[in-house]
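So the sequence shown is numbered by my numbering: it starts at 131 and just counts up by one.
Each remark here refers to the structure printed beneath this line.
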Amino acid sequence: MAKEMTVTIHPVSMIREKVNGYLLLTNKYPICRFVFKYLETKDRFHRQCTMTLEILNEEIRSRDSNVKKLRTAIKNRNENFPFSQVITKELLPIKNVIERLNETAAVLKQEKEHLSDTIIEEYDLNRNNLKAFFESNQDVTQSLYQVNKDILPRLQKYINGEIIKPKERRKLELVLMRIATRGVTKTSPLARFNKVSFNKNHVATDGESTAFYSVNKPQITINNVFLHRIFEAFSLATLKYTPFIINENYYVENGDILVFTQQSDNNKVYNTSDKITKIKASNIIVDILRKYDKQVISFEKLINEYQIPEEKIIKLLNNLFKTGLLKLKNYLSEHGEPIKVIINHIQSYQGKIDDRWIAVAGLLKEIEHNLYHVNVDRNSDIIDYIYQLAFKISQLTGIKPVQEQLIYEDHVIESSKTNNIVSKENLESMEKLIKLFTIFDVNTRIQLELSETLLNEYGSTNINVSDRKLFQHIGNVNMKYSAYWRAPWKEIESQNDRVQTLNKLKNAFITLLTEQQLKGEEIIIREEDLERLYEDIPDPLQSKESSYSFFYQKEQDSIIINKIYPGYMSFYHRFVRYTDIMDHYKNEIKAFYNDDRMIEINEGFGFNANVYTPFMDYRLKSSLTRDHEIDSYYKKVYELNDMVLSWKDPDFYLEDKHGRPFKPIISSSLIRILFPGIIAFYSALFSNISHISELSAIFLQDISKKDVIPIPAVRLGSIVLDRKKWLVKSETFPEHSNDDLIDSVIHLIEFIKKHQLPEKFFIQKRKSPYEENFVDNISMEFDKPQFIDLNNIILVKILFNFAKTSKWLLISEVLPFKVGSPEYMTEFNYSAGKKEVFRQ
131 MAKEMTVTIH
141 PVSMIREKVN
151 GYLLLTNKYP
161 ICRFVFKYLE
171 TKDRFHRQCT
181 MTLEILNEEI
191 RSRDSNVKKL
201 RTAIKNRNEN
211 FPFSQVITKE
221 LLPIKNVIER
231 LNETAAVLKQ
241 EKEHLSDTII
251 EEYDLNRNNL
261 KAFFESNQDV
271 TQSLYQVNKD
281 ILPRLQKYIN
291 GEIIKPKERR
301 KLELVLMRIA
311 TRGVTKTSPL
321 ARFNKVSFNK
331 NHVATDGEST
341 AFYSVNKPQI
351 TINNVFLHRI
361 FEAFSLATLK
371 YTPFIINENY
381 YVENGDILVF
391 TQQSDNNKVY
401 NTSDKITKIK
411 ASNIIVDILR
421 KYDKQVISFE
431 KLINEYQIPE
441 EKIIKLLNNL
451 FKTGLLKLKN
461 YLSEHGEPIK
471 VIINHIQSYQ
481 GKIDDRWIAV
491 AGLLKEIEHN
501 LYHVNVDRNS
511 DIIDYIYQLA
521 FKISQLTGIK
531 PVQEQLIYED
541 HVIESSKTNN
551 IVSKENLESM
561 EKLIKLFTIF
571 DVNTRIQLEL
581 SETLLNEYGS
591 TNINVSDRKL
601 FQHIGNVNMK
611 YSAYWRAPWK
621 EIESQNDRVQ
631 TLNKLKNAFI
641 TLLTEQQLKG
651 EEIIIREEDL
661 ERLYEDIPDP
671 LQSKESSYSF
681 FYQKEQDSII
691 INKIYPGYMS
701 FYHRFVRYTD
711 IMDHYKNEIK
721 AFYNDDRMIE
731 INEGFGFNAN
741 VYTPFMDYRL
751 KSSLTRDHEI
761 DSYYKKVYEL
771 NDMVLSWKDP
781 DFYLEDKHGR
791 PFKPIISSSL
801 IRILFPGIIA
811 FYSALFSNIS
821 HISELSAIFL
831 QDISKKDVIP
841 IPAVRLGSIV
851 LDRKKWLVKS
861 ETFPEHSNDD
871 LIDSVIHLIE
881 FIKKHQLPEK
891 FFIQKRKSPY
901 EENFVDNISM
911 EFDKPQFIDL
921 NNIILVKILF
931 NFAKTSKWLL
941 ISEVLPFKVG
951 SPEYMTEFNY
961 SAGKKEVFRQ
């Protein structure tokens, strides 16, 4: 009997509010309206020229020089020609016609002059508003270190009115306007470019407190990757006292040892990129691997065991660590106070280390002290000083300096909002969408295909994770479907019957959209069409559960979807961790998931947003786990290699030795590609990841035949799944010159009017590597959206700059119409046996 499935809403929604724009996007003049009026007059003048020329040719036979001049001026549509001054005796029969033409030409010149004055005045106003924005909005000004640290001195000169060369000033204004509009029109999770608050998803009853949480933790922290690299450098500097363990992920082949390890040099994550390194299988290395398997290795043990010079042991340990065959036994824990941990660790070696490490400990103390003060009284000078201190540490330790992203800052504020952001009508539409997730989810396909592969290979779908061949099968299936992330709407062929059925349903959905596209209107997905798709989903998959994070905005009673990501607290943890929400609502949130099979894959890997207090009861660790300090937060910790991978149609589980099934979950917003392969690949077996996304790409499979390609909006009930867009070939845009700004603006707005494009829109440049005559993935192939208002001259210049530096531009309508509208994030679960209760 099929389970009854329902969609439920997380008890808490997240609200991301944009920066106050003050007067940044305020216009004194409606430039577009003035240009439209001028273009109408120009069109009338051109029509009159055509009519006048016809009358002139019919009624005037004279070859007089004035007549010739008049004829030439009319042919050239020269509004500056003195028409009324050439009315000689020969032209008297058409005097009235010429005078009317002259009157229209005078109006046209007058409107052009007015337009010229208006554009110049508006440009000055836009510049003043830009300067005033950064003067008034210190939250943004003091957050520039997260975007472009080097721009701060130039911004100060700009605000102070210091002399800047015209060309440099124009370039600076374009950069500053892009930064400013990013905070005003987009919800960028950078420092104080937006404010984050939380909403309790019900209407407060009488007597119920509306202030349901408080912010109680510092929100400015040091990049954990930087701290990991200091800890690693110190461990190698004190190598004689540092314990190591063998990386078990290696094998010997033809006299070489191939090591599967993780390394990386970026500042977002610490050593997570999978690498294969090779080292000669010398007698001593082979002997070490044999004797110290699952044991601690130290300098002291090796010096006693092998009786060889100290420098050779030190060199050997360094080489084995760099190739990844050895790992540190103890890594820095990101929980608690990691700076203090490093300071204490260094100081514990007093008398065994040189003065530079004593100096490093002193600099870290200064950083710790200044972090405390900057969290109490936010100050850009203190932040700049912290960067200076970090640079000194880099010089002393030899680690790569962190030019950007040294500091992580969030901006969570207290709020007392309690209401139903999602209406009952919204929820009904959401349920119709979410229940189709298996049609679009790539993880579902991975799971189905792997279950068949394992049955064919093993004759069973219960396989010990310790089986060395198992990960090869998991990796192969994951790699096959990695093409999804490049082209989510392209079919990946499969021999699995149910995957084939899902592919057919996905293609049916595409056909549903493309057939309506031909009508050239907004695409409305009908409920009965979705119901037919759902009915054709194979039975076991209809009862498959999922959890999704929806990022959306609201326009009256409609919800506009921005992005759909995995759920399971993935996007809550980063911001909830600064509050006491989990102290008060942990049980309510656990009840929302209502699944005691969940087991958390909690690996920080240096990503600051990954550091949160767990709410699940169980943790799953692997050979890649570095932080063991957080084990104490869990009721029980399991090792991946001790588990059995078990298929219980339509889901995979991990079973412990007693046969108890668990569902591993990653509760992190860190994109899966930045996790090591073993974690990313295994996690794909147990939960959903993708849904409807990149809908616009469906309509862009041949972009070679048109210069402007309209893309319809897509709506399902009260939900807007995709905004209306236009793909425009950049070379069709009018050329721009700073010396001829007025005509450049006029020609641009004329182009916009011709192609029925909006006055305000978001625009994205196609990245240079992508040259194909089709678009598969908007997020991958195009830069982040930039707001454009054709009534703002600085934004017009940004548009011209985009057109010069990219072959294709993607234009998207502004929806909601109020560009400063907040963005919401709410999790929706699709599961059995739960009903949503609305308290209106």
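The beta carbon of each residue, even a glycine, is placed where N, CA and C say it ideally should be.
In this text the structure is predicted, and so the values were computed from the model without any measurement.
Tell me, please, which residues DSSP counts as bridged to residue i.
i: K778; result: D781
i: F722; result: F722 pairs with nothing; no bridge assigned.
i: A520; result: In DSSP, A520 forms no bridge with anything.
i: W938; result: K859
i: M307; result: None; M307 has no bridge partner.
i: M181; result: According to DSSP, which records beta bridges pairwise, M181 is partnered with nothing at all.
i: Y954; result: I145, Y682
i: P283; result: P283 is not bridged to any residue.
i: D919; result: K890
i: P840; result: W856
Can you name, in chain order, every residue of its own chain whose Cβ lies under 6 Å from the Cβ of residue i, other than the five neighbours on each side?
i: F213; result: I228, L231, N232
i: I729; result: Y748, L750, F792, P794
i: G337; result: Here G337 scores only 47 on pLDDT, less than 50, and its place in the model is too uncertain to base an answer on.
i: S961; result: E675
i: A363; result: T527, I529
Can you give me the Cβ contacts of residue i inside the same chain, cut-off strictly under 8 Å, excluding the 5 residues immediately before and after it?
i: D710; result: Y343, S344, N346
i: K410; result: G385, D386, I387
i: K225; result: I217
i: F805; result: T402, E733, F735, I796, S813
Let me know the secondary structure DSSP gives residue i once reduced to three states.
i: F881; result: helix
i: V426; result: coil
i: V137; result: strand
i: F356; result: helix
i: G337; result: Confidence at G337 is low in this model, with a pLDDT of 47, below 50, so its placement is unreliable and the value that follows should be read with caution. Of the three classes helix, strand and coil, the one that applies to G337 here is coil, per DSSP.
i: A962; result: strand
i: L566; result: coil
i: T248; result: helix
i: Q672; result: helix
i: S327; result: strand
i: I418; result: helix
i: E189; result: helix
i: F374; result: strand
i: L846; result: strand
i: K470; result: helix
i: N278; result: coil
i: Q393; result: strand
Excluding five sequence neighbours on each side, which residues of the same chain lie with their C-beta closer than 7 Å to the C-beta of residue i?
i: I513; result: Y275, V504, I537
i: F705; result: M144, V326, D540, V542
i: M773; result: V595, L784, E785, D786
i: A491; result: I473, I476, Q477
Could you work out which residue in the options is closest to residue i when comparing CA atoms only?
i: I690; options: Y783, G697, M955; result: M955
i: E623; options: R598, I576, G605, R662; result: I576
i: W487; options: R616, R177, L366; result: L366
i: S813; options: V607, I414, T391; result: V607
i: F164; options: I876, R201, P899, I516; result: I876
i: I828; options: K562, V532, T644, P296; result: T644
i: K720; options: L815, N959, H603; result: N959
i: S195; options: K239, M181, E220, K205; result: E220
i: S820; options: E252, A617, E498; result: A617
i: E902; options: N922, K859, R790, I918; result: K859
i: S553; options: I139, E134, K133; result: I139
Flag residue i as yes if its beta-carbon sits less than 8 Å from any beta-carbon of chain D, otherwise no.
i: K301; result: The structure shown has no chain D; it contains just one protein chain.
Is any heavy atom in the ligand ZN found nearer than 7 Å to the beta carbon of residue i?
i: V149; result: Ligands displayed in this structure: none; no statement on the ligand ZN is therefore possible.
| said: Check whether the stretch 670-678 and the stretch 565-578 are in contact - that is, three or more C-beta pairs closer than 8 Å. | reply: yes
| Inter-stretch contact (C-beta, 8 Å, three-pair minimum) for the stretch 139-156 and the stretch 264-271 | At 8 Å Cβ cutoff, the stretches touch.
| message | Would the stretch 831-844 count as touching the stretch 648-659 if we require 3 or more Cβ pairs under 8 Å? | response | yes
| query | Does the pairing of the stretch 358-373 with the stretch 466-483 give three or more beta-carbon distances under 8 Å? | reply | Segments in contact, yes.
| said: Pairs of beta-carbons, one from the stretch 720-728 and one from the stretch 800-813, closer than 8 Å: are there three or more? | reply: no
| the stretch 650-665 contacting the stretch 595-605, beta-carbon criterion three pairs below 8 Å | Touching, no, given that fewer than three Cβ pairs across the two stretches are closer than 8 Å.
| said: Quick test of the definition: if touching needs 3 or more C-beta pairs under 8 Å, does the stretch 470-478 touch the stretch 432-440? | reply: The way I'd put it, the stretch 470-478 doesn't touch the stretch 432-440; fewer than three beta-carbon pairs between them come closer than 8 Å.
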